[in-house]
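Keeping their order, the protein sequence lines are chains A, B and C.
Those letters in the first sequence? Residues 5 to 269, per my numbering, in order.
Those letters in the second sequence? Residues 55 to 358, per my numbering, in order.
Those letters in the third sequence? Residues 309 to 876, per my numbering, in order.
The beta-carbon is built from N, C-alpha and C at its ideal position, and this holds for glycine as well.
All remarks here apply to the structure that follows.
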Amino acid sequence: MVTIRRNRGELRPEQSLAGPVAGGARASALRALRYLSIFAMFFVIYLGVRDVVPFSRWSVNSLLLALLLLLVLFLRYEEKDFGAREVAVVGALAAVGAAGRVIFAAVPGLQPATFLVVLSGYVLGEESGFLVGALIALLSNIFLGHGPWTPWQMVGWGLAGFSGGLLSRLFRGKVRALPLALLACVWGFLFGWIMNLWFWLSFIYPLSWASYVATCAASFWFDLLHATGNLAFSLVLCRPMAEMLLRYRERMEFRYLGDGEWLRT
Amino acid sequence: MLPVYRDKDTIIHALHPLAAILLLASLLAAVLLLENPLYLAVAGAGLAALVFLAEVSREVRPFLRLGLFLAFLVLIVNPLVNHRGDHVLVYGPRLPVLGRLDVTLEALVYGAVSGFRLMLVVLAFGLAGTALNPDHLLEVLSRISFRSSLSAALAVRLYPSLVLEAREMRDVQAVRGERLHGGGRWERARAQFPFWLALFQGSLDRAANIAESMTARGFGNGKVTRIRRAFRPRDAIFSFLALGTMAVAVISSIGKSDYRYFPALSNPLRGTMIWVPAVMAGSFSILVIVGRCWKRWPWWRSRI
Amino acid sequence: MALVEIENLTYWYPRGERPALRDVNLKVEKGEFVLLTGPTGCGKTTLMRLLNGLVPHFHGGCLRGKARVCDMDVVSSGPRPLSARVGMVFQDPEDQLVSTTVEKEVRFGLENAGLPSPVIAKRVEEMLAGMGLSRLRRSFLPELSGGEAQKVILASILALHPEILVLDEPTSQLDPLSAEELLTLVRRIHEETGTTVIMSEHRLERCFHYASRVIHLERGSVLFDGTPEEAARWWGGREGAFLPPVARVFARAGWKEIPLTVNQARLLLAALEPGPPESCGRPHAEEALSGEGASVEARDLWYVYPAGPEALRGIDLRVEDKGHLVIMGENGAGKSTLLRCLLGLLLPTRGKVSLLGWKPNRERLPELASRLAYCPQNPNTYFLSSTVRGELLRTLRLRGYRGADAEALIEGQLRSFGLEGVSERNPRDLSSGEKEKLVLASSLLPPTPELLVLDEPTRGMDYRSKEEVLEILRMHGEGGSTVLAVTHDVEFAANLAERVALMGDGRIILEGPTRNVLSDSLFFAPQVNRLLNDFCPGIIREGEAVSILKTLRERAEGRKERGAETCS
Chain A
5 MVTIRRNRGE LRPEQSLAGP VAGGARASAL RALRYLSIFA MFFVIYLGVR DVVPFSRWSV
65 NSLLLALLLL LVLFLRYEEK DFGAREVAVV GALAAVGAAG RVIFAAVPGL QPATFLVVLS
125 GYVLGEESGF LVGALIALLS NIFLGHGPWT PWQMVGWGLA GFSGGLLSRL FRGKVRALPL
185 ALLACVWGFL FGWIMNLWFW LSFIYPLSWA SYVATCAASF WFDLLHATGN LAFSLVLCRP
245 MAEMLLRYRE RMEFRYLGDG EWLRT
Chain B
55 MLPVYRDKDT IIHALHPLAA ILLLASLLAA VLLLENPLYL AVAGAGLAAL VFLAEVSREV
115 RPFLRLGLFL AFLVLIVNPL VNHRGDHVLV YGPRLPVLGR LDVTLEALVY GAVSGFRLML
175 VVLAFGLAGT ALNPDHLLEV LSRISFRSSL SAALAVRLYP SLVLEAREMR DVQAVRGERL
235 HGGGRWERAR AQFPFWLALF QGSLDRAANI AESMTARGFG NGKVTRIRRA FRPRDAIFSF
295 LALGTMAVAV ISSIGKSDYR YFPALSNPLR GTMIWVPAVM AGSFSILVIV GRCWKRWPWW
355 RSRI
Chain C
309 MALVEIENLT YWYPRGERPA LRDVNLKVEK GEFVLLTGPT GCGKTTLMRL LNGLVPHFHG
369 GCLRGKARVC DMDVVSSGPR PLSARVGMVF QDPEDQLVST TVEKEVRFGL ENAGLPSPVI
429 AKRVEEMLAG MGLSRLRRSF LPELSGGEAQ KVILASILAL HPEILVLDEP TSQLDPLSAE
489 ELLTLVRRIH EETGTTVIMS EHRLERCFHY ASRVIHLERG SVLFDGTPEE AARWWGGREG
549 AFLPPVARVF ARAGWKEIPL TVNQARLLLA ALEPGPPESC GRPHAEEALS GEGASVEARD
609 LWYVYPAGPE ALRGIDLRVE DKGHLVIMGE NGAGKSTLLR CLLGLLLPTR GKVSLLGWKP
669 NRERLPELAS RLAYCPQNPN TYFLSSTVRG ELLRTLRLRG YRGADAEALI EGQLRSFGLE
729 GVSERNPRDL SSGEKEKLVL ASSLLPPTPE LLVLDEPTRG MDYRSKEEVL EILRMHGEGG
789 STVLAVTHDV EFAANLAERV ALMGDGRIIL EGPTRNVLSD SLFFAPQVNR LLNDFCPGII
849 REGEAVSILK TLRERAEGRK ERGAETCS
């Protein structure tokens, strides 16, 4: 069993001697903006429930909510002040996921983007996991077509990555293939339901439990395929991929010996 | 594969990203908030005018096709789950959970209008995807979120070479004897696993190298200068008109709508809020005139 | 005070068994042009990383001794303050670009340095104009060629006005033409701005004579430090792997005075008595193979990309059974497309292809797996296993080998390719020379393929690795396979093939025996051919040149001795 040492500062070897984290004012501004957005989310929900126009129009309201949620999570990533290694790996993982999604778009359900996102969240933390997921949606849709579904896919995959980070807290950072696989499998359905939520809120009338369940029933087989695909991918790829990621995020410490001792090897 | 952004010499392409975002938001607000099909049609005409102004009518064609397909889907699904309305066209069977499956004229019309709406939304995104420079959008994003926009830029940059590498890998392994074709779904998936691992490892290696290069070029904590793009009169004009359209759409949706689908359809021509399409048509025509003049008269272009 | 001062420095990478640098002492003064040479893994890259603090701050590990660069202590200051003073260009542009457009890439370092906007604007304009990149300012970076991309990197580094420019094999991923352009650019920068340059490079013919200092490293230690002339003499009589080709042939032929450029060499030779040595008649032409049959044949082959250019325009090509054919040509001449058509990876638009008697197509390729081997340009696309041994096992399995002695077979192959030391390493972590050897080792596992197809087999390799690869291929040629190779490397083509085809603009311009095609050309001729053209035309291989130079030297010495005798 591989162990992740979970310490937020660990992934930043290049900062080891760069002094304290700069930009305190910037960080607090970001945090203030994040709290403001969270408040705005609740306010929008409240207005929607109270039937205040135009927030009672759920097609508009849900889009606003999705965008606000994305903003909140983006700001969380910003506050972390990550170093070059994290910024680079998030970009690279997003590119892999998007490439996989585009290349294997022809085989429905059989593409490891969801699993990749969950795993990234698990090893790199909630924030990075979220960003990998959100960027996969943003990037692959440049080629598969942007549309009103884009923010929702960003939310879906972003939350999948976020949940991966939460799961790793549960296991104190130990890589466990089975829970990861189950989470990926669950996300096969959850992702579908989030997309259904968008479709339902925007285009189905009346908005009732029955019509939502009907929408979900319509997509059941597709979601099931996605979920089994995720399960299969994670059962096979979890161990080797987690090892690669762990090796990547391993901290490179250095020791200065001065003029003194000679290292014995 | 859908067409990706290409630079063109039009006013839409030359807009400040913030003005462009406002324009897109106003279109979305109008399309999502207006109830009256007639007003919706005016918004649609405005969208079409912008597409022509941006000279991307060829590029948005796939989006149009996709939108039509989705609209058709909505048109079919809606009457099946929505049974309100007075004019029943077909009497359906009674089912345990869903109730009686009647198809009504009202539900059909509502479905058609919803479908049209969805098509317009898709088209608006298509316009954004083909006429707004994603790089400039990233610049706006980088003002509030420096690191995530850098990750995004990196992903955009790495993507094409990764796709090339994946294709090449497939070819090389095919010559080596790997069977990627044929077989069941499971066999095909299993043949993919080593590819994924190799691609994954390759891109992690690349990420490490890029991180090294970024560090060598001073990436880290501390003061960072960020790019600032000039906000010109044309951006002001476009932003102002976009805000106006948005305001009109929001105001019109407050209070009782002048159009109802249920229980019976009202006449779209008898709408009481004729100022809504009037203001929208006015602002869209100004946009088109400004845009055409921008294209035709260099003096005007330099002025705004 | 010197710009770079390194004292008694020893450095271990994390988990490194032996030090990557061992007791290095080095001083570099302002304005020098230092060339670092040495075999793969000798510590060149580590030394360069040390100069801007990547070692030890980014890579970790253990460090002993002192290093001061630009009056800053490397250990205590770290990479960020050094980044504005020491600019570093790495091997592969793909590993360095971080933005989407050229202009932004140039801005990246300046923005990180927190310079005011007007200064950034000025520096960006200056760099784009000065490096001839203005035309590409808004180009999407992945669409640039390797040469252009590397130039963008160089511009983005120079925009910071560094005091020291460090280049780590900057041309190893480029084709010869872009490589020469880049090296010329570096020379120009050094001449015009007086920036100190520290570079490692294996295309020595372009920079060796220009350097003000050559430092040779081996196993982490400095073995030689001096002027290029001294370096040439130091290598004299030995293999001279780290000398430019001209100097190398003179060194191998045992000359005392070793010229560094073709011009110097010509002057040296002109000083000799005229007349070719007796042994050098017109070198014999290789006997043509009797056309028993063709392994690969293309007739009137056309390929047009969908909504794109005509990449191939009527190719007629024939590779005889057991023959060696090399295809050469500029970038964009259609070489890769031709290769893909011949292998059945692309379906020709018109015309016929026959591959080992088959009409190739993608679906049926696995059936040819045991008769055909393909070594791609980018070896990373070949590796799917996590160890070298696993890679070989994979090939055996794909070829349907069911024998029980697979382990022994692999062991033998590893030994004969000199890979036994790295058998448990990840193939992706090997040097480019080792990667190519591994691909060859895997391709040549039994049953030995009838046809071996190579795409740019020598990219990014130094002279020693190239010699090793050539040796393998020569040995393999005696085993009797057909070889079809695409390369930019003239020396490699001269040594490998008996026939060469030159491609241009989608056609085969010229096809014939290697000696005829490669001699008498300004750009496609090997350096030794241009050197000895007056003495005996038609020389294309280094070995031939060495033996002629030996004869010349002996004759000259004999004459001198005779002269001395008559005097006395």
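Could you confirm whether any beta carbon from chain B is found closer than 8 Å to the beta carbon of C/MET380?
-> no
Residue environment, A/MET158, which counts as buried when at least 16 other CB atoms sit within 10 Å | buried
Out of curiosity, what's the CA-to-CA distance linking A/GLY125 and C/GLU488?
-> 45 Å
Close-in-space but distant-in-sequence residues of the same chain around C/ALA681 (CB under 6 Å, 5 per side omitted) | SER751, PRO757, LEU760
Return yes when the Cβ of C/ARG393 is within less than 8 Å of the Cβ of C/ILE506, no when it is not.
-> no
Cβ-based contacts, 7 Å cut-off: residues of the stretch 254 to 270 of chain B near chain C | GLN255, GLY256, ASP259, ARG260, ASN263, ILE264, GLU266, SER267, MET268, THR269, ALA270
In whole angstroms, what separates the C-alpha of B/VAL110 from that of B/LEU181?
-> 7 Å
Can you round the beta-carbon distance between C/MET396 and C/ILE497 to whole angstroms, since I take them to be within the 8 Å contact cut?
-> Actually they are not in contact, since the Cβ atoms of C/MET396 and C/ILE497 sit about 14 Å apart, beyond 8 Å.
Answer yes or no: does any C-beta atom of chain B fall closer than 8 Å to that of C/THR703?
-> yes
Coil, strand or helix - A/LEU228 by DSSP | helix
State yes or no: is the C-beta of B/ASP63 nearer than 7 Å to some heavy atom of the ligand ZN?
-> No copy of the ligand ZN occurs in the structure displayed, which carries no ligand at all.
C/LEU371 touches chain A at which residues, Cβ-Cβ below 8 Å?
-> PHE258, ARG259, TYR260, LEU261
Determine the DSSP secondary structure at C/PHE691, reduced to helix, strand or coil.
-> coil
List the residues of chain A that C/PRO364 touches, going by C-beta distances under 7 Å, in chain order.
-> PHE258
For A/SER32, three-class secondary structure by DSSP = helix
On the three-state DSSP scale, how would you describe C/TRP563?
-> coil
Helix, strand or coil at B/ILE281 [DSSP, three-state] | coil
With 16 as the cutoff for other CB atoms within 10 Å, does C/GLY729 come out buried or exposed?
-> exposed
State buried or exposed for B/ILE343, treating a residue as buried only when at least 16 other CB atoms are found within 10 Å of its CB.
-> exposed
Are the C-beta of B/ARG350 and some C-beta of chain C separated by less than 8 Å?
-> no
Beta strand (DSSP E) containing C/CYS370: first to last residue?
-> 369 to 377
Please list the segments of the beta strand (DSSP E) lying wholly inside the stretch 79 to 116 of chain A, counting only runs of 3 or more residues, in order along the chain.
-> none
May I ask you to list the residues that DSSP assigns as paired with C/PHE532?
-> C/HIS524
Where C/GLY422 and B/LYS277 are concerned, what is the direct C-alpha to C-alpha distance, given to the nearest angstrom?
-> 5 Å
Hey, is A/GLU82's beta-carbon within less than 8 Å of any beta-carbon in chain B?
-> yes
If you check the beta carbons only, do C/LEU706 and B/GLY231 fall under 8 Å apart?
-> yes
Alpha-carbon to alpha-carbon, A/LEU143 and C/THR645 | 29 Å
Compare the C-alpha of B/ALA83 against each of B/ALA332, B/ALA296, B/ARG357 and name the closest.
-> B/ALA296
If you draw a straight line from the C-alpha of B/VAL226 to the C-alpha of C/THR703, how long is it?
-> 12 Å
Interface residues of chain B around C/TYR690 at Cβ under 7 Å?
-> VAL226
Mind checking the stretch 317 to 349 of chain C against chain A and listing, in chain order, the residues whose C-beta falls within less than 7 Å of any C-beta there?
-> TRP320, PRO322, GLU325, ARG326
Neighbouring residues, chain A, relative to B/ASN136 (Cβ below 9 Å) | ILE208, TYR209, PRO210, SER215
What residues in the stretch 272 to 300 of chain B bring their beta carbon closer than 9 Å to a beta carbon of chain C?
-> GLY272, PHE273, GLY274, ASN275, GLY276, LYS277, VAL278, THR279, ARG280, ILE281, ARG282
Consult DSSP for A/TYR252 and reduce its assignment to one of helix, strand or coil.
-> helix
Beta strand (DSSP E) segment containing C/SER603, residue limits | 602 to 612
Under 7 Å by beta carbon: chain B residues contacting C/ASP403 = ARG260, ASN263, ILE264, SER267
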